[in-house]
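Only one structure is covered here, and it is reproduced in the block below.
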Amino acid sequence: MRNFATIEALRGWMAWWVVVTHALQLMGAGQGPADMIPRPVLRLLMSGDTGVMVFIIISGFVITHLLIGKRESYPTYLLRRFLRLAPIYFFCLLVALLVMRLTWLAYGENPLPLNHGMRIARFAAEQENFLTHLLLHLTLLHSVVPDTILPFASTALLPPAWSLSLEWQFYLIAPLLIAVALRSGRAAFWLAMVLVAIRFGLHQSGLCWQYDGFFFLAGDLFLIGILSRVAVERIHTGGAATGYLLLAGVLLLQVDIKAALIWFLFFVLTLREGGFLRLRAGLADRMHRLLALNPVMRALGRWSYSTYLIHIPLFSVLVGAYVGQVGAGNVSQMAVAGILMLCLPLLVLISALLYRFIETPPVRLGKALIVRRRLGGLTMPEIQPDLNSPERIDFLR
């Protein structure tokens, strides 16, 4: 059993893309002294939403692998997923609640952040319906609620966590979706058509979400990852994978072109790493090592959940403290930029610590509980690797 370093590294790249985007937004990049960044480069760096799209595709791929490669009951599967996602989410939510005053200073009183009016409106909505937002966040289903019903339902309190709510929604129904996709190529096609039709219908419904945090607004992205993993399984077992790959390709045409190209590149490298695709050595080797097959990117990938969730509270603490010290009228864009640059190595350290002490222990606890139940004779089977397939990849996160 071995990890797919390519997928793990991709998560690291995407998490840090989001971090850079949010840092640039906070310092008001594109205006004032920071206007020196070339516009094409700035547009690319500030398109972190693309990174979130790729994260969603990765989730479909990874969960499909887990369900294909292991036999377990639905409660066992859901327990493992909850223990993987919820502890770091609730920890970072608590931190965000504790530093709300500093968040207001960093994003509200500070005149630099882009979309400043939206941020002030979001803070007002948080204060007006604080208990409602908090209760929704505690269910991990806050992104289901449209903004037309509760303004900023998905991005209140801890803005990046809208995608964690989306991922949890996917976990709840992933076994059904994957079972349909595995049934046949025709079943996968009709599943794709249903998901696309529902997404179109929601966009025409008059309901609005700030981000696509409701599962059926992003179901086709998850399906791209599902189809990609099913195709790998077909290739591995000598079956026909062309239909699944074509369907995934058609769905990719509907998403952001950058997300499509990134997933295509890393999926090809994933096939190469697994020995399913032969590419000429030389340039391919150097590219693969640079993008994925190195310990730095693998580490950043392992820590990506923590990085993704804690960076806004960290920015809030340091930039908010600065704004509170000098006053909103004396804020310097270059000073904020310098603070954010100092945040980045600190963020790496904090992410590593959170991964070790907040993320990892609950996952180990879940494994121990499941083994204990199995040994106690309960009908909740422990996950077993397929010993007849040594090439299988373990995506336990």
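Take the sequence shown: its letters are residues 49 to 445, numbered as in the working numbering.
All C-beta atoms, glycine included, are put in the ideal place defined by N, C-alpha and C.
- Closest option to Gly-156, judged by alpha-carbon separation, among Leu-162, Leu-146, Val-147, Arg-167: Arg-167.
- Straight-line measurement puts the Cα of His-70 at about 42 Å from the Cα of Ala-288.
- Pro-199 and Leu-58 have their C-alpha atoms some 32 Å from each other.
- Assignment of Met-382 by DSSP, reduced to helix, strand and coil, places it in the helix class.
- His-251 counts as exposed, since fewer than 16 other beta carbons sit within 10 angstroms of its beta carbon.
- When DSSP states are grouped into helix, strand and coil, Pro-86 belongs to the coil group.
- As the crow flies, the alpha-carbon of Phe-314 is around 43 Å from that of Gly-372.
- Per the coordinates, the alpha-carbon of Ala-332 lies some 17 Å from the alpha-carbon of Met-345.
- Rounded to the nearest whole angstrom, the C-alpha separation of Ser-399 and Asp-268 is 30 Å.
- Contact between the segment 248 to 265 and the segment 210 to 220 is present, with at least three C-beta pairs closer than 8 Å.
- Three or more Cβ pairs closer than 8 Å define a contact, and the segment 229 to 236 meets that threshold against the segment 274 to 281.
- Shown here, Ala-154 sits in a helix according to DSSP, grouped into three states.
- Between Phe-52 and Glu-321, the gap from beta carbon to beta carbon is short of 8 Å.
- Segment contact: the segment 60 to 78 against the segment 86 to 96, three or more CB-CB distances shorter than 8 Å; contact assigned.
- Runs of the beta strand (DSSP E) lying entirely within the segment 143 to 203, each at least 3 residues long, are absent.
- In this structure, Leu-220 keeps its C-beta atom at 8 Å or more from the C-beta atom of Leu-271.
- DSSP, read as helix, strand or coil, puts Gln-73 in helix.
- Shown here for Val-379: same chain residues with a beta carbon closer than 8 Å to its own, the five before and five after excluded, namely Asn-158, Pro-159, Leu-160, Tyr-370, Val-371 in chain order.
- One alpha carbon belongs to Phe-405, the other to Phe-237, and they sit about 42 Å apart.
- Here the segment 70 to 90 does not lie against the segment 286 to 300, with fewer than 3 beta-carbon pairs under 8 Å apart.
- In summary, Thr-187 is exposed, with fewer than 16 beta-carbon neighbours lying within 10 Å of its beta-carbon over all protein chains present.
- Contact annotation, Leu-162 with Gly-76: C-beta distance approximately 6 Å; criterion of less than 8 Å satisfied.
- Taking Gly-386 as reference, the option from Arg-334, Leu-72, Arg-337 with the minimal CA-CA separation is Leu-72.
- If you check the CB distance, Leu-243 and His-185 do not come in under 8 Å.
- Between the alpha carbons of Glu-407 and Thr-318 lies a distance of about 25 Å.
- Closest in alpha carbon position to Phe-171, among Leu-189, Thr-151, Tyr-353, Arg-326, is Thr-151.
- Assigned with DSSP and collapsed to three states, Leu-325 falls in coil, not helix or strand.
- Residue nearest to Ser-202 within the set Gln-302, Trp-257, Leu-388 is Trp-257 (criterion: CA-CA distance).
- Between Ala-154 and Val-367 the beta-carbon gap is near 4 Å, inside 8 Å, which marks them as a contact.
- The DSSP-derived three-state label of Val-303 is coil.
- Rounded to whole angstroms, the gap between the alpha carbons of Leu-146 and Arg-412 is 28 Å.
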